[in-house]
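Notes follow the structure.
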Amino acid sequence: VGRKPSKVVAEGRPVRFEQMADKGPVKGEARRVEYEIGSENLVLAGDAVLLQGKDSMRSDRIVYDRVRSVVKAGAAADGKQRVRISIQAPSQ
Numbered sequence: 118v119g120r121k122p123s124k125v126v127a128e129g130r131p132v133r134f135e136q137m138a139d140k141g142p143v144k145g146e147a148r149r150v151e152y153e154i155g156s157e158n159l160v161l162a163g164d165a166v167l168l169q170g171k172d173s174m175r176s177d178r179i180v181y182d183r184v185r186s187v188v189k190a191g192a193a194a195d196g197k198q199r200v201r202i203s204i205q206a207p208s209q
């Protein structure tokens, strides 16, 4: 009684989320999504995809810092999947 959760975990095929950020919507999906309540980080694992506007990132593991809008991606421990990033140049 009185304890607050520190993490929320969802598993699915896939788990999806969407957030409205200052620069527009951020969407993501993965087989497992962990939301770390204290740090407000989302950890996407397993065929992870993160979309910000026209930019996209695909990796086995992606960490999205919701507060700072910072994204980190890397391969799983087995190192089988590469990180793929597509960044669109701003139109002038």
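Residue numbers (the working numbering): 118 to 209.
Glycine residues also receive a C-beta, built at the ideal position from the N, C-alpha and C atoms.
Quick caveat: nothing in here was measured; it's all calculated off a predicted structure.
- The beta carbon of Ala147 is closer than 8 angstroms to those of Pro131, Val132, Leu161, Ala162, Gly163, Asp164, Ala165, Val166 and Ile179 in its chain, skipping five residues each way along the sequence.
- In the displayed model, Val200 falls within coil according to three-state DSSP, outside both helix and strand.
- Sixteen is the threshold: when 16 or more other Cβ atoms of the shown chains lie within 10 Å of the Cβ of Asp177, as they do, the residue is buried.
- Inclusion of Arg175 and Ala138 in the CB contact set at 9 angstroms is not warranted, their separation being larger than that value.
- Distance between Gln136 and Leu159, taken at the CA atoms: about 11 angstroms.
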